[in-house]
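As structure tokens, the structure follows; a few thoughts come after it.
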Amino acid sequence: MTNQPQIKTQSRITLRTIILLLIPIILLAGVIAIFLSTGGGLQLTSPAPVENLDIEKYVLKHDSIDLYVRNTGPGELKIASVIINNAVMPFEVTPSATIPRLGRAQIHVSYAWTQGEAYGATIFTSNSIPFTVDIPVAFETPQPSANTFWSFTLIGLYVGVIPIFLGLFWFPALRQLGRRTMTFLMAATAGLLIFLGLDTLSEALEVAASVPSAFQGIGLIGIGAVATFLLLEAISNRQSGKSGSEADKRLSIAFMIAVGIGIHNLGEGLAIGAAYNIGEISLGTFLVVGFIIQNITEGLGIIAPVLRDRPGIGRLAVMGLVGGAPAIIGAWIGGYAPSAFLTVLFLAIGAGAIFQVVYEIAKMIQRDIQREPMPMIVFSGVLTGMAMLWVTGLLIK
12 MTNQPQIKTQ
22 SRITLRTIIL
32 LLIPIILLAG
42 VIAIFLSTGG
52 GLQLTSPAPV
62 ENLDIEKYVL
72 KHDSIDLYVR
82 NTGPGELKIA
92 SVIINNAVMP
102 FEVTPSATIP
112 RLGRAQIHVS
122 YAWTQGEAYG
132 ATIFTSNSIP
142 FTVDIPVAFE
152 TPQPSANTFW
162 SFTLIGLYVG
172 VIPIFLGLFW
182 FPALRQLGRR
192 TMTFLMAATA
202 GLLIFLGLDT
212 LSEALEVAAS
222 VPSAFQGIGL
232 IGIGAVATFL
242 LLEAISNRQS
252 GKSGSEADKR
262 LSIAFMIAVG
272 IGIHNLGEGL
282 AIGAAYNIGE
292 ISLGTFLVVG
302 FIIQNITEGL
312 GIIAPVLRDR
322 PGIGRLAVMG
332 LVGGAPAIIG
342 AWIGGYAPSA
352 FLTVLFLAIG
362 AGAIFQVVYE
372 IAKMIQRDIQ
382 REPMPMIVFS
392 GVLTGMAMLW
402 VTGLLIK
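Residue numbers 12 to 408, in our numbering, belong to the letters of the sequence shown in order.
Next comes the structure, spelled out in structure tokens:
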């Protein structure tokens, strides 16, 4: 009888372990210090200064323009001059004209702009490197007030809450359908969410181009999407290990669908609020109408998993609010403080949540068709769901 090596099941963190973990880090810091002090032996100097100034947003007030900037270059820089439509203007920088790396500053320019006109602003650093921003339509930036607060709230209601609740009203009629039709609707929900997830990723990639390079927009998308998928999967596995009826599991999936759609609608609210923030009223109105038409199909997706059950009006209402109300929050953020960084992060989280829900629906469909395979019904359902959002997307894009 041979002796089997014993495997340690518990780990202990001792002082010796900590020292062994720190040694490579200390040596790495030493290598970096040597390289920075010697230049690797190349002794090369940059022929031109490397600077990067990101103009995050502009705020137009009565007879003034405020530019909010962030230094995303490798070192500090200094603001030297500001030009508005080819005219050199006096300016004030808060907290300082010298901005450290990743530091932010506010540039205040006293300028009597005209409503509806287009303007171009150019910021020069002390090394004469220009950074420009266009103001396509001069429009007083909405400031927090009771009037604008309720206006953005109504926009969120129109975009998210109302259409999703209208979609929930299909619940009584759809419950009268047979088993094969319900499988078709589940597959259609999966197709709808697949298209929604791809569209969310596409929007995140578009916005990522405007995120300062130092924040690595593509990497931010990966972190948000993957982390959300894995987190929801861990929660789902934990819940599946607990005792519960199949109806409870279907209700849990419906809530997860509502959460995924809600985060997506948060991104939609951000886009609409940002459009109104910069005075693109026609674009904002166009987006509102398009999203209203598209989001009624999202209400259908929320109720599809629980069509054979009786979840109750209260639970349906909660799912509708979870799916639609985030559009209100997005409209507030986009209208008052538009941020490409937050937009990319929320869209990435939404994409991760949506794809995890698709995975859960696929497992549910697989269980439902074990007794009676329905490959063509599943195929046609997925294709129908994707086509529904593609057609409604024609009204938005």
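Backbone N, C-alpha and C define an ideal beta-carbon position, used for all residues, glycine too. From a predicted model like this one, the values you see are computed outputs, not experimental measurements.
What span of residues does the alpha helix (DSSP H) with residue 320 cover, start to end? From DSSP, residue 320 is part of no alpha helix (DSSP H); its letter is neither H nor E.
State buried or exposed for residue 143, treating a residue as buried only when at least 16 other CB atoms are found within 10 Å of its CB. exposed
Delimiting residues of the beta strand (DSSP E) encompassing residue 130: 130-136
Opposing strand residues paired with residue 102 [DSSP bridges]: 120
Within the continuous beta strand (DSSP E) that includes residue 74, where are the two ends? From DSSP, residue 74 is part of no beta strand (DSSP E); its letter is neither H nor E.
In whole angstroms, what separates the C-alpha of residue 353 from that of residue 384? 44 Å
Three or more C-beta pairs closer than 8 Å, one from the region 270-281 and one from the region 131-148: is that the case here? no
So, for residue 131: in the same chain, excluding its five sequence neighbours on each side, which residues have a beta-carbon less than 8 Å away from its beta-carbon? 95, 96, 143, 144, 145 and 146
Please determine if the region 182-198 and the region 385-402 are in contact, where contact requires at least 3 C-beta pairs separated by less than 8 Å. yes
Would you mind reading off the limits of the alpha helix (DSSP H) that contains residue 390? 386-404
Is residue 109 helix, strand or coil when you go by DSSP? strand
Taking residue 350 as the reference, give the member of 207, 263, 278 and 39 with the closest Cα. 278
When you compare the region 158-174 with the region 332-343, are there three or more beta-carbon pairs, one atom per stretch, that lie closer than 8 Å? yes
Do you know how far the Cα of residue 327 is from the Cα of residue 66? 43 Å
Can you tell me where the beta strand (DSSP E) holding residue 212 begins and where it ends? Residue 212 -> not in any beta strand (DSSP E); alpha helix (DSSP H) instead, spanning 190-219.
Three-state secondary structure (DSSP) at residue 67? strand
Measuring CA to CA, which of 114, 73 and 100 is closest to residue 62? 114
Close beta carbons around residue 374, own chain, < 6 Å, minus the five adjacent residues each side: none
For residue 303, I'd like the list of residues in its chain whose CB is within less than 8 Å of its CB, leaving aside the five on either flank, ordered along the chain. 169, 170, 173 and 174
Classify residue 124 as buried or exposed, calling it buried when 16 or more other Cβ atoms lie within 10 Å of its own Cβ. buried
Residue 399 classed as buried or exposed, judged by whether at least 16 other C-beta atoms fall within 10 angstroms: buried
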